[in-house]
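Residue 36 in UniProt numbering sits at position 36 of the sequence shown, with consecutive numbering throughout.
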Amino acid sequence: MADRPVTAGDTYVVAIEELGDEGDGVGYVDEFAVLVDDASLGETVRVEITDVGTNFARAEVVDAEFGFT
1 MADRPVTAGD TYVVAIEELG DEGDGVGYVD EFAVLVDDAS LGETVRVEIT
51 DVGTNFARAE VVDAEFGFT
């Protein structure tokens with residue numbers, strides 16, 4: 001699991017750089033994809049990691065008051 005830079009329960013500030021196939025926002029932590037529910041392209045949000053997979057993690061927004069990138 002050393003190749004995954006995030007752990008469930010951790011919080012990060014991520015910039016939403018693209019949208020996933022299901023409309024989720026996609027940001028990155030150390031080049032590791034983080035799919036964020038209810039985030040829009042261009043937003044910078046604080047997220048909590050909810051699940052960590054092999055190639056990506058899922059997260060929920062905990063604070064969206066960071067404005068836009």
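Don't be surprised by glycine CBs; every beta carbon is placed ideally from N, CA and C. Computed from a prediction, not measured in an experiment: that's the story for all the values here.
Can you find the residues in the same chain that come closer than 7 Å, C-beta to C-beta, to D38, ignoring five residues on each side of it along the sequence?
V61
Enumerated in chain order, which unbroken segments of the beta strand (DSSP E) with a length of 3 residues or greater are wholly contained in the stretch 17 to 48?
The stretch 17 to 48 contains these whole beta strand (DSSP E) runs: 25 to 29, 32 to 37.
Contact set for T69: own chain, Cβ-Cβ below 7 Å, skip 5 residues either direction:
At T69, the pLDDT of 46 sits below 50, so the modelled position is not reliable; the number obtained from the coordinates is stated separately. The answer, listed in chain order, is A15, G42, T44.
Taking the beta strand (DSSP E) that D63 belongs to, which residues open and close that run?
Where D63 is concerned, the enclosing beta strand (DSSP E) stretches over 56 to 63.
Can R58 and F32 be called in contact, C-beta distance under 8 Å?
no
Contact set for T11: own chain, Cβ-Cβ below 8 Å, skip 5 residues either direction
R46, V47, E48, I49, V62
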